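A.B. asks: Have a look at this one.
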């Protein structure tokens, strides 16, 4: 059973995220299935197994037992993960305001004119979509 709530997302290490990315790709699998997807040089089996158990403890992965072996699957979609991560970042660093995020990016010259135009177009599109 998965017990992960977006507002209580625990931060993932790069290695944990790499394993979760593979699980999102294959949808479910055994440790060897995950290990097979790693580029060479592959990490040790025990490392991947430990990371999967940590992800399970954090609530990102669950398993089905088949005797002594386990098949693992993500508890959260990639989209929900990104959404939760973004919400946490906005909450912690930008007083919960997406306006503050855009303002910060514009002030720090992180947005090009083209990106500003694209953002404006997207906002208008979704604003108009809500009026349909």
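Residue numbers (my numbering): 4 to 135. Glycine is no exception: its CB is placed at the ideal position from the N, C-alpha and C atoms. As the structure is a computational prediction, the values presented were derived from the model and not from experiment.
Assign residue 48 to one of three DSSP states: helix, strand, or coil.
C.D. replies: Under the three-state reduction of DSSP output, residue 48 falls in the helix class.
A.B. asks: Tell me whether the stretch 75-86 and the stretch 22-37 touch, counting them as touching only if at least three CB pairs, one residue from each stretch, are closer than 8 Å.
C.D. replies: Judged by Cβ distances under 8 Å, the stretch 75-86 makes contact with the stretch 22-37, as three or more pairs qualify.
A.B. asks: For residue 120, name the three-state secondary structure that DSSP assigns.
C.D. replies: Helix, per DSSP.
A.B. asks: Can you list the beta strand (DSSP E) stretches of 3 or more residues lying completely in the stretch 69-130, in chain order?
C.D. replies: Runs of the beta strand (DSSP E) inside the stretch 69-130: 72-77.
A.B. asks: Are the beta-carbon atoms belonging to residue 48 and residue 64 less than 8 Å from one another?
C.D. replies: no
A.B. asks: How about the stretch 51-67 and the stretch 31-40: do they share at least three Cβ pairs that are nearer than 8 Å?
C.D. replies: yes
A.B. asks: Tell me the DSSP secondary structure of residue 61 in three-state form.
C.D. replies: helix
A.B. asks: Taking residue 88 and residue 58 to be in contact with their CB atoms under 8 Å, please state how far apart those CB atoms are, rounded to whole angstroms.
C.D. replies: No, residue 88 and residue 58 are not in contact; Cβ-Cβ is about 15 Å, not under 8 Å.
A.B. asks: DSSP three-state label for residue 67, please.
C.D. replies: strand
A.B. asks: Could you tell me the boundaries of the alpha helix (DSSP H) in which residue 39 lies?
C.D. replies: 34-40
A.B. asks: In three-state DSSP terms, what is residue 132?
C.D. replies: helix
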